[in-house]
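Undergrad: This is the structure I have questions about; it appears just below.
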Amino acid sequence: MSDHSAITTAYQRAMGYLQRGEIDASEPWIAQVTRSIPAWYVEVQDTVARVAREQGRFDRAASALSNALHVHPDANRAYQLGENLTDLGDDEEASRAFMRAVQLDITHTDAHIRLGMIHQSLHRFDLARSCFERAILNDPRAAVARYYLALNCLETGDSRRALSQLHFVLQIEPSYAPARMLQGQVGH
């Protein structure tokens, strides 16, 4: 059997197991799908990541996404890696993944928001503010970015700007309950 034939068989078997959600059974076949056929390798790794995430196996999903990123850098893939790392509680690695997403695509609004949320939680308020502002620059209707910018402003003592951002949030999403609650707290 030629190398290409062996890889084809491994690819087909790996995908068959993965389509049934059987990651462990697919592992020997996944290992045989080499980077010599990049499109198949990336497809298998992305599929492993999706199935593993659905199963709550965030470490396996993160590993697969990292493998795929090495072969085919992609902002959405880096973003998904960040989400899995966040679910694992690894904020530092997650921030690196979200940073990679915005380096690959500066217009990736969600990656800016998630990166800002991590910075905010680590009390890196200036970095967080920059992320939220960039997200808003990308999408002025990004209610979540405006909400977190309002939180950031409160943390740094700028209640006037916080109220302004909350006003915008409620114009965009009138039923956004967290913004209404925060607005009530700030207003008093």
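When the letters of the sequence shown are read in order and numbered with this note's numbering, they come out as residues 4 to 191.
By construction, the Cβ of each residue, glycine as well, lies at the ideal position given by its N, Cα and C atoms.
#1: Which two residues bound the contiguous alpha helix (DSSP H) that contains Gln58?
#2: Indicate the three-state DSSP secondary structure (helix, strand or coil) for Gly187 in the structure shown.
#3: Considering only heavy atoms of the ligand GTP, does any lie closer than 7 Å to the CB of Ser178?
#4: Here's the rule I'm using: 16 or more other beta-carbon atoms within 10 Å means buried, otherwise exposed. How should Met120 be labelled?
#5: Using the Cβ count rule (16 or more neighbours within 10 Å means buried), how would you classify Val51?
#6: Within 10 angstroms of its Cβ, does Val74 collect 16 or more other Cβ (buried), or is it exposed?
#7: In terms of residues, what are the limits of the alpha helix (DSSP H) holding Ser167?
#8: Runs of 4 residues minimum, wholly inside the segment 12-91: which ones carry the alpha helix (DSSP H) assignment?
TA: Quick answer:
#1: Within the sequence shown, the letter at position 55 stands for residue 58. Here Gln58 belongs to no alpha helix (DSSP H), and DSSP marks it neither H nor E.
#2: Position 184 of the sequence shown, counted from the start, is the residue given in the question as residue 187. Gly187: helix per DSSP, three-state reduction.
#3: Within the structure as shown, the ligand GTP is missing, as the structure has no ligands at all.
#4: Taking the sequence shown and counting its residues from 1, the one referred to as residue 120 is at position 117. Sixteen is the threshold: when 16 or more other Cβ atoms of the shown chains lie within 10 Å of the Cβ of Met120, as they do, the residue is buried.
#5: Counted from its first residue, the sequence shown places residue 51 at position 48. Under this definition Val51 is a buried residue.
#6: Locating residue 74 in the sequence shown gives position 71, counting from the first residue. Val74 counts as exposed, since fewer than 16 other C-beta atoms from the protein chains shown sit within 10 angstroms of its C-beta.
#7: On the sequence shown, position 164 is the one that residue 167 refers to. Ser167 -> alpha helix (DSSP H) spans 162-175.
#8: 26-33, 41-57, 61-74, 78-90
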